[in-house]
Structures are given as structure tokens and as C-alpha cells.
Amino acid sequence: MDKASEKRKVPETIKKILELDAVITKRFVAWGNSLLPLRTLRTHYKGLEISCHGVPWFAFWIAFTWLFNNPHLVEMQVNILLGLFLDIVFIAVAKAYFRRKRPIANTDDALGQLGPDIFSFPSGHASRSVFIAYFFTRLYPLPTICFPPIIAWTTAICLSRILMNRHYILDVVGGCVLGVFDCLILELLWVDESTAKSLMSIVSDEKLDGGEYHV
19 MDKASEKRKV
29 PETIKKILEL
39 DAVITKRFVA
49 WGNSLLPLRT
59 LRTHYKGLEI
69 SCHGVPWFAF
79 WIAFTWLFNN
89 PHLVEMQVNI
99 LLGLFLDIVF
109 IAVAKAYFRR
119 KRPIANTDDA
129 LGQLGPDIFS
139 FPSGHASRSV
149 FIAYFFTRLY
159 PLPTICFPPI
169 IAWTTAICLS
179 RILMNRHYIL
189 DVVGGCVLGV
199 FDCLILELLW
209 VDESTAKSLM
219 SIVSDEKLDG
229 GEYHV
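By my numbering, the letter at position 64 of the sequence shown is numbered 82, and the numbering carries on one by one without gaps.
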């Protein structure tokens, strides 16, 4: 038991950094909520939270990929699902390892917190929002006119996680770094168009097996 406790003992330097992070975050939240532009953001906190939650994103993209099996979109669909899966795995492993407690003022998020998600570092919403922004601006770029709203949404997600007392500042910074890391790994694992089409063809055949018009 003593050995296990010793292994989880936080080094003094890290402890001081975390304490300073907590103090700075508390001051930032008080300052941010006193500013009119950020105060008005509070009415959208829940919507922002749900808009970047892992469950809706996975559910939406699986449904989108399944229902709109478009050969022109399949490369993007397969790769963003792969990226979302990597992001969830990396976040779960990191949270389970670091096990940093969330701010005292935190309450459960709109869709609840399960497993490692009860821990604070790194922020899954920040990681996912940065991953999505990077994906649609660098890996599979949308028209340039889409960049400002994507970046604005990502910025709002990251700020809201702090101002809602869901995370400390370093949690969000760590999440942003992890989001970029997700994309760098995805670049190495990128599924090309022909492979993506082959994968979707297999899935489509399975979906039609046993159907009334299956040949």
C-alpha cells in the first residue's frame, strides 16, 4: 500500500505548478465573467458543450457515413472517424494516467461523465475541437470561407471549458496540444481514397446481406 502511494506521489515542482494553475484559472474565470463579451457567451455554454461532446460527434459521423455513402466523401468520412477514435483513446489513457481532479466548482456536463472523463487533464473538448479545426483546415481543407467560423467555434469551446469551471487552463492547453498530436498521427495513418472505398464497400455489402433485394 505504501509502495502504491509512493508511486502516485506528485513531485513538489509539479504540485506547485498545478497550484499556480488553479489560482490563475480562478482569477481568469472571475475576470472573464466580468467582461460583457464573455458574459454573453455564458448563455451558449451548454450548446457549445454538446456541440463538441464525443458521443454526439461519433453518433453523427457514423450515421452520416452510413446514410450518405458518397464516393466523393468517403475518404473524409473514414479518416475523421479514425481521428475521432484516436482522440477518444488518447484522452482516456491520458486522463486515467494523470487523474487530475476537476475544479471544485465543476458540475457534471450536459451528457454526464463516465470512466476517465471524471478527471480533468487533458480537456477532451479542447482536444476534439482543435482536431476538427486542424482536420478541416489542413488535412481535408474546406473552402477558405469556412475557416473563420471553425476557428471561432474552436476558440469558444476552449474558453468555455475554463469559464464553466470544467477545466483549469493547463488542462485546455494540454488538450489543444493533444488535438494537434492526433492530427499528426492521423497524417501518418491516413486512409487513401481507394482504401476508404474498399472499406465502405465491405460495410455496404454487410449491410445489404440478407436484404430483400440482395443479390
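In this text, a Cβ means the ideal position worked out from N, Cα and C, and glycines have one as well. Please read all numbers here as calculations on a predicted model, not as lab measurements.
task: Compute the beta-carbon to beta-carbon distance between C194 and C176, rounded to the nearest angstrom, for a pair I have assumed lies under 8 Å.
output: 7 Å
- request: Just the C-alpha distance for P166 and P74, rounded to the nearest angstrom, thanks.
  value: When rounded, the separation of the alpha-carbon atoms in P166 and P74 is 23 Å.
Segment limits, alpha helix (DSSP H) that includes T43: T43: member of the alpha helix (DSSP H) spanning E30 to G50, first to last residue.
Contact check, S141 vs W171, beta carbons under 8 Å: no
message: I need the boundaries of the alpha helix (DSSP H) containing V209, first residue and last residue.
response: For V209, no alpha helix (DSSP H) run applies, since DSSP gives it neither H nor E.
query: Among the residues of its own chain, which have a CB less than 8 Å from the CB of I42, if the five just before and after it don't count?
result: I187
query: Beta carbon of V96, beta carbon of L217: below 8 Å?
result: yes
message: For the pair the region 197-213 and the region 83-100, tell me if three or more CB-CB distances fall below 8 Å.
response: Between the region 197-213 and the region 83-100 there are three or more inter-stretch CB-CB distances shorter than 8 Å, so the stretches are counted as touching.
field: Where T31 falls, given that 16 or more other Cβ within 10 Å makes a residue buried
entry: exposed
query: Taking the runs of the alpha helix (DSSP H) that are 4 residues or longer, which of them lie wholly in the region 125-182?
result: Runs of the alpha helix (DSSP H) spanning 4 or more residues and lying entirely within the region 125-182 occur at 142-152 and 165-181, in chain order.
- prompt: Which residue's Cα is closest to the Cα of L206: T162, F137 and L104?
  reply: L104
task: Return the chain-ordered list of same chain residues with a C-beta closer than 7 Å to the C-beta of V198, the five sequence neighbours on each side being excluded.
output: Once the five neighbours on either side are set aside, the close Cβ partners of V198 are V148 and Y152.
query: Got a sec, what are the start and stop residues for the alpha helix (DSSP H) L122 sits in?
result: First, the amino acid is wrong: residue 122 is Ile here, not Leu. From DSSP, I122 is part of no alpha helix (DSSP H); its letter is neither H nor E.
Nearest-angstrom Cβ-Cβ length linking F139 and D189, presumed shorter than 8 Å: 5 Å
field: F68 versus S178, D200, V191 and L204, residue with shortest Cα-Cα distance
entry: For the sequence presented, residue 68 should be read as Ile rather than Phe. The residue with the shortest Cα to Cα distance from I68 is S178.
field: Close-in-space but distant-in-sequence residues of the same chain around F137 (CB under 8 Å, 5 per side omitted)
entry: K113, A114, F116, R117, R118, K119 and R120
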